[in-house]
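Q: There's a structure below that I have some questions on.
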Amino acid sequence: MISNQEAAKFIREIGEFLEMKSIPFKPRAYEKAAEIIEGLEEEIAGIYNKGGLKALEDMPGIGVSIAEKIEELIKTGKLKYHAGLKKTIPVDLESFRGVEGLGPKTIFKLYKKLGVKNLKGLELVIKLGKIAKLKGFGQKSEENLKKGIAFVKKGGGRFVLGDILADVRQIENQLKKLKEVEKLIVAGSTRRRKETIGDVDILITSKNPKPIMDYFVKMSGVVRVTAKGVTKSAVKLKNGLDVDVRVVPEESFGAAANYFTGSKDHNIALRERAIKLGYKLNEYGLFKGEKRIAGKTEEDLYQALGLVYIEPEMRENTGEIELAEKKKLPKIIGYNDLLGDLQIQTNWSDGGNSIEEMARAAIKIGLEYILITDHTKRLAMARGLDEKRLKKQGEEIDAVNARLEREGIRFKILKGTECDILKDGSMDLSDEALSKLDIVGASVHSYFNLTEREQTERIKKAMQNPNVDIIFHPTGRIINRRDAYPVNMDELIKEAKKTGTVMEIDAYPDRLDLKDEYIRKCVEAGVKMSVSSDAHSYVHLPYLEYGLSQARRGFATKDDIINAWPLEKMLSFLKDGKKKY
DNA sequence: GCCGTTTTCGGCCCGACTGTTTTCAGTCG
């Protein structure tokens with residue numbers, strides 16, 4: 024059966040072929056449809072099997088013509104229209120994907136003039152020095168293509184937010200020190216807190232932008248200047264990160280902030296809304312004819328469009344605009360709302376610090392409680408605890424709690440575990456040992472290659488254990504390194520609801536597991552979640568911020584996140600939830 | 001090709017920058 028990715032690829036390529044032929048408007052329609060298909064959570068083949076052509080046509084951006092093409096793809100795995108186009112222009116579009124500055128028109132020109140059909144062919148003609156001699160091309164175009172190819176081959180270049188946010192904040196602070204800089208924000212996917220970001224967009228207001236641009240392109244760490252103008256410059260840093268700076272007039276700051284924060288889909292939806300209301304929206308403001316009616320702040324902009332303010336993390340055009348229109352946007356959890364951290368490893372297993380060190384670090388960042396969750400014996404590599412050592416650890420926790428109390432510190436260390444879920448769904452520790460803990464977390468660390476059915480049953484069985492309170496990092500993915508294990512999340516969420524089990528949002532920067540779309544599903548299903556750092560050292564505690572970003576992207580409120588609740592409320596919720604089951 | 005509070009035809013987001021041109025096409029966000 025054809026996957027959403029594959030179907031989207033066919034549709035997108037049709038758009039690109041039509042673009043090569045300079046056919047107006049159709050390319051956009053195909054591109055849009057491809058994006059819709061790619062973004063679907065459900066399998067398109069499943070949608071078709073359930074509801075037929077009609078169900079496809081009912082999707083936004085997909086009409087009769089594209090629906091029929093999808094039908095053909097699902098039924099035959101092939102698409103005649105696509106094949107016909109590819110026959111007349113036999114280029115491997117996929118191979119060029121991601122090369123900067125190389126769009127359909129250029130690919131077409133290279134094919135017609137030089138017979139280039141794929142990336143390899145392009146590399147060859149570059150080597151032969153044929154590009155620069157082509158009409159419309161020059162030395163620079165050849166250089167840029169070369170660099171673009173090298174970059175793609177190096178691995179695409181999306182950065183894990185948590186890996187580069189510190190660098191970004193440093194640049195931010197450097198620029199803020201310039202006296203010409205008035206207002207400054209980091210916009211783009213960084214502001215939306217996407218789990219990975221492609222580049223960084225910085226927005227500045229200034230009456231005298233030239234010195235800012237001069238400074239920016241010479242900042243330490245800059246290896247290449249890709250654009251330098253009066254209002255826009257762009258550089259590449261040593262670590263491969265692209266950073267753009269834009270200078271905008273003060274009165275346009277809100278509109279520009281909105282525009283450069285994106286997402287692109289959110290912006291397009293806002294612009295279409297503006298047009299419907301008889302306005303025009305661009306990065307300089309909201310205009311009625313020639314007159315600017317809003318755009319100094321984002322708040323006034325949304326208001327003028329008849330919307331309540333939408334937090335950056337929610338701006339993905341996945342329903343937030345409709346909710347804002349009806350004033351039904353949820354009040355998402357804030358960055359200071361956590362009272363505890365429910366996943367912390369110590370030097371009892373593979374952590375770097377003692378229980379007391381972790382506790383004192385948590386106190387310092389304002390938390391009121393933590394749960395100690397060292398690994399269990401199956402993870403021998405991590406010096407996992409058996410029942411005996413777990414009992415001993417409990418004694419140490421009691422001792423540290425007593426010490427803190429004597430010092431008059433209001434703080435509680437809870438006894439817990441990150442218990443391995445074994446292959447058959449049973450627990451790595453005895454029920455007796457688990458029942459003595461305050462909170463039990465359970466997680467998968469082995470047999471990632473089970474079938475979806477087996478993996479789903481395995482985790483469901485863990486949820487059915489009356490001692491298990493939270494499923495840690497429920498999908499096991501590591502961003503940029505390892506995909507989630509195959510598992511049916513809808514079924515797990517249903518089972519979590521049924522059994523009163525909490526799902527974790529692991530805040531470790533390359534985990535962020537659950538991801539935003541699953542968080543939203545939990546919110547909708549009324550399944551509670553925890554946001555935890557998974558800290559293996561006290562320096563990891565600030566990772567909670569990334570978990571909160573993810574929770575906000577998933578529309579979670581304080582009410583959805585149990586460690587935003589006072590200790591007693593949280594503990595009694597966990598007890599009751601499992602008892603009912 | 002898609003869409004609809006200007007609806008079943010006639011619009012489709014919009015501006016900056018680059019590299020090549022010598023007024024603009026292509027790409028990007």
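Positions in the first sequence are counted from 1; adding 23 to them yields my numbering.
Note that the Cβ used here is the ideal one computed from N, Cα and C, for glycine as well.
1) Of all the options E343, T479, Y134 and N376, which has the alpha carbon lying nearest to the alpha carbon of G448?
2) Within 10 Å of its beta-carbon, does F283 have 16 or more other beta-carbons around it, so buried, or fewer, so exposed?
3) Below 6 Å, is the gap between the Cβ of D492 and the nearest heavy atom of the ligand FAD?
4) Which runs of the beta strand (DSSP E), 3 residues or longer, sit entirely within the stretch 477 to 561?
5) Within its chain, find whatever has a CB closer than 7 Å to the CB of P113; leave out the 5 residues flanking it on each side and keep chain order.
6) Cα separation between E64 and M242?
7) For D451, collect the residues of the same chain with a Cβ closer than 7 Å to its Cβ; drop the 5 residues on either side in sequence, then sort them by chain order.
8) Considering only the alpha carbon of each residue, which of L571, V491, A106 and Y531 lies closest to G600?
9) Nearest to L394 by CA position, among D364, L413 and K387, is which residue?
10) Comparing C-alpha positions only, which one of D529, I436 and E166 sits nearest to P497?
11) By DSSP, does D599 sit in helix, in strand, or in coil?
12) Would you tell me roughly how many angstroms separate the C-alpha atoms of F174 and V122, rounded to the nearest one?
13) Where does N376 land, buried or exposed, given buried means 16+ other C-beta within 10 angstroms?
14) Using 8 Å as the cut-off, can you tell me whether the stretch 557 to 565 makes contact with the stretch 211 to 221, which would need three or more C-beta pairs spanning the two stretches below that distance?
15) Hey, how far is the Cα of D373 from the Cα of D397?
16) Are the Cβ atoms of K544 and I516 separated by less than 7 Å?
17) Helix, strand or coil: how does DSSP classify K438 here?
18) Please work out which residues of its chain come closer than 6 Å, Cβ to Cβ, to E95, disregarding the five sequence neighbours upstream and downstream, and give them in chain order.
19) Looking at C-alpha atoms only, which residue of T524, L198, K350 and R120 is the closest neighbour of G464?
20) Let me make sure I understand the geometry here. Which of E66, A56 and Y325 has the alpha-carbon closest to that of V87?
21) Between the C-alpha atoms of I89 and F119, what's the straight-line distance to the nearest angstrom?
22) Buried or exposed, going by whether 16 or more other CB atoms sit within 10 Å of the CB of A15?
23) How long is the line joining the alpha carbons of D288 and I93, rounded to whole angstroms?
24) Write down the C-beta distance between K438 and L460 rounded to the nearest angstrom, noting that I regard them as a contact closer than 8 Å.
25) Which parts of the stretch 225 to 261 are runs of the beta strand (DSSP E), unbroken and 3 residues or longer, counting only runs that do not cross its ends?
26) I need the straight-line Cα distance from Q573 to E166, nearest angstrom please.
27) Just to confirm my understanding: we take S256, look at its own chain, exclude 5 residues before and 5 after, and list those with CB closer than 8 Å. What are they?
28) Taking one C-beta from the stretch 37 to 52 and one from the stretch 121 to 136 each time, how about it: are there three or more such pairs within less than 8 Å?
29) With distances taken Cα to Cα, identify the nearest neighbour of V271 among A297, G263 and E306.
30) What separation, rounded to the nearest whole angstrom, lies between the Cα atoms of T320 and L293?
31) Around the C-beta of I432, are 16 or more other C-beta atoms found within 10 angstroms, so that it is buried, or is it exposed?
32) What does DSSP give as the partner residue(s) for R315 in the beta ladder?
33) Should E518 and F495 be called a contact, given that it needs their Cβ atoms to be closer than 7 Å?
34) Which of the three DSSP states is assigned to L365 in this structure?
35) Could you round the C-beta distance between N340 and S286 to whole angstroms and report it? I think they count as a contact, below 8 Å.
A: From the atom records:
1) T479
2) So F283 ends up on the buried side.
3) The ligand content of the structure shown is nil, which means the ligand FAD is not present either.
4) 525 to 529 and 552 to 555
5) Hits under 7 Å: K140.
6) 42 Å
7) T399, K400, R401, C442, D443 and L445
8) V491
9) D364
10) D529
11) It is helical.
12) 8 Å
13) buried
14) no
15) Spanning the two alpha carbons is a distance of roughly 8 Å.
16) yes
17) K438: strand per DSSP, three-state reduction.
18) L102
19) With distances taken between Cα atoms, G464 lies closest to T524.
20) With distances taken between Cα atoms, V87 lies closest to A56.
21) 24 Å
22) Outside the modelled stretch of the chain, which goes from 24 to 604, sits residue 15, for which no answer is possible.
23) Between the alpha carbons of D288 and I93 lies a gap of roughly 23 Å.
24) 5 Å
25) 245 to 251 and 255 to 260
26) Separation of Q573 and E166 (C-alpha to C-alpha, rounded to the nearest whole angstrom) is 39 Å.
27) The beta carbon of S256 is closer than 8 Å to those of M236, F239, V240, V248, A250, D267 and V268 in its chain, skipping five residues each way along the sequence.
28) yes
29) E306
30) 15 Å
31) exposed
32) F310
33) no
34) strand
35) S286 and N340 do touch by the CB rule: their CB atoms are close to 7 Å apart, below 8 Å.
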